[in-house]
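To start, the structure under review is shown below, and the notes come after it.
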Amino acid sequence: HIFPNASSIPSWLNRTKYAWDQFQNLKGCRPGDHLNGLSNLKTYLNKFGYIPNSPSNFSDLFDNVLQSALLTYQKNFNLNATGFLDDQTLAQIQLPRCGIADIINGASSMNSGSPVAHNATRFHSVSH
Amino acid sequence: YSFFPGRPRWPDHRRDLTYAFAPENGLTDEVKGVFTRAFARWAAVTPLTFTAVESFRAADIRIGFYAGDHGDGEPFDGVLGTLAHAFSPPSGHFHLDGDESWVVTGDLRSAPVTAIDLESVAVHEIGHLLGLGHSSVEESIMFPTITSRTRKVDLAVDDVTGIQELYGANPNGNPSPPSSTTTPPSSVQERDMSRKGGA
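Those sequence lines, one after another, are chains A and B.
1 is the number of the first residue of the first sequence in our numbering; add one for each residue after it.
1001 is the number of the first residue of the second sequence in our numbering; add one for each residue after it.
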């Protein structure tokens, strides 16, 4: 749907359910928790490169793999590295975004470090 | 800034690139003009040029709006979520999610929460088409997320430094890159952050 301006968007397109609203149910989830929907979050993090391997199905357990992925995600997005699903992290995860992964073949990078990252970016990561 | 693994870029003998739109989308000149402006932002700081052509098959960069599964193994997911994706050089594939509410121009303050500024996303995806990965600099165009009802179209220093590392500067251009601007209206941003829990 392409509109010449914002006022031309019909109200029926302003839907109440968006792609990643489901993650709101995971608020406050911590390592060791078992919660329906964590597997979908792992799929999300896998899609964007934070969980490198893609098993046939992810579990709903908040395991070490998820914690590690969240820590890297939080570094990349300049968030507090808590390793759990705090409000800031959940809000960032739910924002609309580009479909290209942040980490590709474990080599591409943002703040989480990479041989091709610019020095200033790496320096920025040190400050966090 | 970052690059794709292996630092792919358009080769030296391909500095004058062409782009075309999927004919089945039937885009208006006004919509095509959004992409023209987005390409111009990158052309201003590099030796690259971008020219619109009619032939979709023959173009270096092929732009199309598609919904759901569109055959490249990266299906779109409906309203919000993933907005678009583009492939590293020299692929030239640039896909936008046809389910989004794309806005071509104007004030976004009164827009529904689903409204996405088309030019903002176009400038970002062109960065990928040219070889840039994502950046952790929030003000940069190559930061991976964008809030709906937000317009961010000016290249930041981080974007310009990255792209010039791949291609060099525009020999005829202004050596100082433009500053980056993000223009969410404050009242709208507050409502949006309230819904999303703040970001």
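Virtual Cβ for every residue (Gly too), placed ideally from N, Cα, C.
Any chain B beta carbon closer than 8 Å to residue i
| i | result |
| --- | --- |
| serine 3 of chain A | Here residue 3 of chain A is phenylalanine; the residue named in the question, serine, does not match the sequence. So yes, phenylalanine 3 of chain A belongs to the interface. |
| tyrosine 18 of chain A | yes |
| isoleucine 51 of chain A | no |
| phenylalanine 84 of chain A | no |
| glycine 99 of chain A | yes |
| leucine 41 of chain A | no |
| asparagine 134 of chain A | An answer regarding residue 134 of chain A cannot be provided, because it is not within the stretch 1 to 128 covered by chain A. |
| asparagine 78 of chain A | yes |
Within chain A, the residues that residue i reaches when beta carbons sit closer than 7 Å
| i | result |
| --- | --- |
| serine 1101 of chain B | His1, Phe3, Ile9 and Leu13 |
| serine 1091 of chain B | Within 7 Å Cβ-Cβ: nothing; serine 1091 of chain B doesn't reach chain A, min ~12 Å. |
Alpha carbon of residue i to alpha carbon of residue j, nearest angstrom
| i | j | result |
| --- | --- | --- |
| lysine 42 of chain A | serine 1088 of chain B | 25 Å |
| alanine 1038 of chain B | valine 1123 of chain B | 5 Å |
| alanine 1084 of chain B | tyrosine 1066 of chain B | 9 Å |
| alanine 1045 of chain B | leucine 61 of chain A | Sequence check: residue 1045 of chain B is valine here, not alanine. If you take the alpha carbons of valine 1045 of chain B and leucine 61 of chain A, they lie about 47 Å apart. |
| phenylalanine 1051 of chain B | isoleucine 9 of chain A | Residue identity differs from the one stated: residue 1051 of chain B is threonine in this sequence, not phenylalanine. Taking the straight line from one Cα to the other gives about 30 Å. |
| glycine 1006 of chain B | asparagine 105 of chain A | 11 Å |
| serine 1140 of chain B | threonine 89 of chain A | 20 Å |
| tryptophan 1010 of chain B | leucine 35 of chain A | 46 Å |
| proline 1171 of chain B | aspartate 1159 of chain B | 18 Å |
| asparagine 57 of chain A | isoleucine 51 of chain A | 13 Å |
| arginine 97 of chain A | threonine 1082 of chain B | 5 Å |
| leucine 1118 of chain B | aspartate 1154 of chain B | 13 Å |
| aspartate 1029 of chain B | isoleucine 1126 of chain B | 19 Å |
| glycine 1168 of chain B | proline 1047 of chain B | 7 Å |
| proline 1177 of chain B | alanine 1156 of chain B | Residue placement at proline 1177 of chain B is poorly supported in this model, since its pLDDT is 48, which falls under 50; the coordinates still yield a value, given next. Rounded to whole angstroms, proline 1177 of chain B to alanine 1156 of chain B spans 7 Å at the Cα level. |
| arginine 1041 of chain B | proline 31 of chain A | 44 Å |
| glycine 1106 of chain B | alanine 91 of chain A | 27 Å |
| leucine 976 of chain B | serine 11 of chain A | Absent from the structure is residue 976 of chain B, since the part of chain B shown begins at 1001 and ends at 1199. |
| proline 1185 of chain B | isoleucine 1146 of chain B | With a pLDDT of only 37 at proline 1185 of chain B, under the threshold of 50, the placement of this residue in the model should not be trusted, and no figure is reported. |
| alanine 101 of chain A | glutamate 1074 of chain B | 11 Å |
| proline 55 of chain A | valine 1103 of chain B | 38 Å |
| histidine 1093 of chain B | valine 1053 of chain B | 15 Å |
| asparagine 1025 of chain B | isoleucine 2 of chain A | 10 Å |
| phenylalanine 1021 of chain B | phenylalanine 48 of chain A | 27 Å |
| serine 39 of chain A | arginine 1015 of chain B | 44 Å |
| leucine 1096 of chain B | leucine 1027 of chain B | 13 Å |
| aspartate 33 of chain A | serine 7 of chain A | 44 Å |
| asparagine 25 of chain A | tyrosine 18 of chain A | 14 Å |
| glycine 1114 of chain B | serine 1135 of chain B | A small fix is needed here, since residue 1114 of chain B is threonine in this sequence, not glycine. Going by the C-alpha atoms only, they are around 24 Å apart. |
Residue-chain proximity (residue i, chain A), Cβ-Cβ < 8 Å
| i | result |
| --- | --- |
| valine 1031 of chain B | yes |
| leucine 1083 of chain B | yes |
| glutamate 1119 of chain B | no |
| glutamate 1139 of chain B | no |
| histidine 1070 of chain B | no |
| phenylalanine 1039 of chain B | no |
| glutamate 1024 of chain B | no |
| glutamate 1054 of chain B | no |
| histidine 1134 of chain B | yes |
Proximal chain A residues relative to residue i, where beta-carbon distance stays under 9 Å
| i | result |
| --- | --- |
| tryptophan 1078 of chain B | This sequence places glycine at residue 1078 of chain B; tryptophan is not what is there. Near glycine 1078 of chain B (Cβ distances below 9 Å), the residues of chain A are Arg15, Lys17, Tyr18 and Ala19. |
| histidine 1128 of chain B | Cys98 and Ile100 |
| histidine 1124 of chain B | Cys98 |
Proximal chain B residues relative to residue i, where beta-carbon distance stays under 7 Å
| i | result |
| --- | --- |
| alanine 6 of chain A | Val1103, Gly1106, Asp1107, Leu1108, Ser1110, Ala1111 and Ala1115 |
Proximal residues of chain B, C-beta to C-beta of residue i below 9 Å
| i | result |
| --- | --- |
| alanine 69 of chain A | Going along chain B, no residue has its Cβ under 9 Å from alanine 69 of chain A, so there is no contact; the nearest lies around 15 Å. |
| asparagine 105 of chain A | Pro1005 |
Bridge partner(s) assigned by DSSP for residue i
| i | result |
| --- | --- |
| tyrosine 1019 of chain B | B:Ala1052 and B:Ile1061 |
| cysteine 29 of chain A | Beta-bridge pairing links cysteine 29 of chain A to no other residue. |
| isoleucine 2 of chain A | B:Trp1102 |
| aspartate 1097 of chain B | B:Tyr1066 |
| leucine 61 of chain A | A:His34 |
| phenylalanine 1003 of chain B | B:Leu1132 |
| arginine 97 of chain A | B:Thr1082 and B:Thr1145 |
Which runs of the beta strand (DSSP E) spanning at least 3 residues fall entirely within the stretch 1113-1141 of chain B, listed in chain order? 1115-1117
Curious, which full-length alpha helix (DSSP H) runs of at least 4 residues does the stretch 1052-1092 of chain B contain? none
Report task. Entirely within the stretch 1142-1179 of chain B and at least 4 residues each: give me those alpha helix (DSSP H) ranges in chain order. Result -> 1157-1167
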